[in-house]
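For what it's worth, our numbering labels the leading residue of the sequence shown as -19, then goes sequentially. A virtual CB, placed ideally from N, CA and C, is assigned to each residue, including glycine. Computed from a predicted model, the values in this text were never measured in an experiment. To start, the structure itself, in C-alpha cells.
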Amino acid sequence: MLILFDIDATLISTSGVGIAAMLDAGRELFGPSFTGEGVPVAGRLDPLIIRDLLTRNGRAPTPEDAGRLRAGYEQNLARALSCPGVGRTLPGVDQLLAALRQRPRYTLGLLTGNFERTGSMKLRTCGVEPEWFPVRVWGDESPHDPPAREHLPPVAMSRHAARHGRAIQGHEVVIIGDTPHDVSCARANGCRCIAVATGRFGLDELRDAGADVALPNLADSAAIWKFLE
Ligand SMILES: [Mg+2]
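Next comes the structure, spelled out in C-alpha cells:
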C-alpha cells in the first residue's frame, strides 16, 4: 500500500512563512504594491500560485518572471525558516510516521504542491526528512500543461511501480491531505483519502468534498489504523 502525504497543514505547520516569503519576493522584484489578494493558495500547486500571482499583479506569467519569483521565494523562505520555533509537526504526525516506517507493507510518499527544494526545507525545519518517503512527487511534476494536482497521483504510482516491479492500483493508494484539492485528486484517480482538519477546512467541508474519512488531526491513531488495515 502506498500512502501519499500532503505537506503543508497536513504533516507540518510553518506559521504561514511560505506565502509571506513568496509575497515578499514579489514586492522586492516588482514593487511594493505586489499583492496576493484573491489568489488562493491552500492545496494548490506552487507553479500555479506563482502564475496567478503574476497575472493578478498585471504581469504576463513568463518563464523568466516565474523563475525570478521562485528564486526570490526560495531565498526568503530559507531565511524565514531559520528563525527558531517557526516550524512544527502537527499532532500525531511524529507517532504515525514512526509507526508506518516500521511496517514494510506500507510505502510512504509525498504528494505536494511544493517545489522539491522549498518543500524539503520546510520538512527538515520540522524534523522530518524527505528521504523517509521513498516516493516523492512535487508541485512542478505534472506531465501536463496546464498542470493540476490531479495529475500527480499517477506519477507517484508509476514511481512506486518502478521501485516494486509491479503496477499498483488506485484502491491501494491512500492520499492524506487537508484540503478539498487533496480529496479531489484522490477521487479523480480512484485512490482512497483521509482528510484532516488541520488546515483551513472543517470536517464537514472535507466530508462533502468526498473524503473517505475526515479527522480533526492525525492523532486519532485508532481511526487511522482501522482505515488502513
Ligand atoms: Mg496542505
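C-beta contact flag for residue i and residue j at 9 Å
i	j	result
Ile247	Ile155	Look at the range of the chain in this structure, -19 to 209, and you will see that residue 247 is not part of it.
Ala60	Ala0	yes
Asp210	Phe95	For residue 210 there is no data in the structure shown, the boundaries of the chain being -19 and 209.
Phe113	Leu88	yes
Met2	Leu34	no
Ser(-5)	Gly67	yes
Thr92	Phe(-15)	yes
Pro179	Ala22	The question names Pro, but residue 179 is Gly in the sequence shown. Going by C-beta atoms, Gly179 is nearer than 9 Å to Ala22.
Contact test: residue i Cβ vs ligand 1 heavy atom, cutoff 8 Å
i	result
Ile(-13)	yes
Gly170	no
Thr69	no
Ala60	no
Thr(-10)	yes
Ala136	no
Ala191	no
Ala128	no
Gly179	yes
Asp162	yes
Thr159	yes
Ala166	no
Ala22	yes
For residue i, the residue or residues it bridges with in DSSP
i	result
Thr87	Leu(-18)
Gly268	As displayed, the chain neither begins before -19 nor continues past 209, which places residue 268 out of reach and without an answer.
Ala194	Ala175
Ser(-7)	Arg68
Asp(-12)	Ile(-8)
Val115	Gly89
Cβ distance (whole Å) where residue i is taken to contact residue j below 8 Å
i	j	result
Val153	Pro123	At roughly 18 Å, the Cβ-Cβ gap does not stay under 8 Å, so Val153 and Pro123 are not in contact.
Leu80	Ile(-13)	In fact, because the Cβ distance is near 16 Å, the residues do not count as touching under 8 Å.
Ala51	Arg31	At roughly 15 Å, the Cβ-Cβ gap does not stay under 8 Å, so Ala51 and Arg31 are not in contact.
Glu111	Ser164	Not confirmed; about 29 Å, so no contact.
Leu103	Leu198	That pair is no contact at about 15 Å.
Val135	Leu(-9)	At roughly 19 Å, the Cβ-Cβ gap does not stay under 8 Å, so Val135 and Leu(-9) are not in contact.
Val176	Asp158	5 Å
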